[in-house]
Every structure is written in C-alpha cells, then in structure tokens.
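End of the sequence shown sits at 86 in full-length UniProt numbering; the numbers just go up one at a time, nothing left out. Ideal Cβ positions, reconstructed from N, Cα and C, are used throughout, including at glycine. This one's a predicted model, so the numbers in the text were calculated from it and none came from an experiment.
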Amino acid sequence: MPISIDQFEQTPEQQLRPPAAGSENADRVLAYLTERREEAFTPAEICEGTGVPRGSVGVVLARLEDRGLVRHRGAYWTVSPKATAR
C-alpha cells in the first residue's frame, strides 16, 4: 500500500520496516516447544502442532538453533535451557 511523501518523510525509518520475515512462525514454534519443554519433537510433529507450514519449520528451527534457543539430536528438536531461562 503506498504512503504519502509527507508520511514517508516524517515517519521514523524503523516504523516503515516490515516485521522480520518468519518472526511469527519462530514465535509459534518457540512457544510450542517451551510449553512442552519435557518432550522433543520431529519437524513434522512441530508442523502439525503449530500450523507452521512444513517447508518453513526447518528454516525456523535452524534460525532458532543459531540463536541458541532450540537444540536437536537426530530428528528430534526441543527448547534449549537458554530459552526457558528468558
């Protein structure tokens, strides 16, 4: 949706940026795993439990792992202690 030049000039740049790509999916996956911190899940199970598209789950998990918020062993993923300490 276009905005006026006045709005373009007066609005702080940060407010003109879209939300980070995939942040909603990451929030859903992290919340799902945090609520079930005593269990580990396959990506297919995470997809089913969160409604996040299967093709996005792997990318989301990799990004969360890079931030130290989830960990995995084999095909199973769980929330990391770092994430539950937040």
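The ligand ADP heavy atom lying under 7 Å from the CB of residue i
| i | result |
| --- | --- |
| residue 69 | The ligand ADP is not part of this structure, which contains no ligands at all. |
Residue i - partner residues in DSSP beta bridges
| i | result |
| --- | --- |
| residue 11 | DSSP, once it has assigned bridges, lists no residue as partnering residue 11. |
| residue 78 | 71 |
Contact set for residue i: own chain, Cβ-Cβ below 8 Å, skip 5 residues either direction
| i | result |
| --- | --- |
| residue 8 | 16 |
Residue i, buried or exposed, once every other Cβ within 10 Å from all chains shown has been counted against 16
| i | result |
| --- | --- |
| residue 46 | buried |
| residue 11 | exposed |
| residue 50 | buried |
Nearest-angstrom beta carbon gap, residue j and residue i [assumed within contact, 8 Å]
| i | j | result |
| --- | --- | --- |
| residue 34 | residue 79 | 5 Å |
Other residues of its chain near residue i: CB distance less than 6 Å, five sequence neighbours each side excluded
| i | result |
| --- | --- |
| residue 56 | 25 |
- Message: Could you tell me which whole beta strand (DSSP E) segments of length 3 or greater appear in the UniProt domain "HTH marR-type" (28-73)?
- Response: Within the UniProt domain "HTH marR-type" (28-73), the runs of beta strand (DSSP E) that reach at least 3 residues and sit entirely inside it are, in chain order, 70-73.
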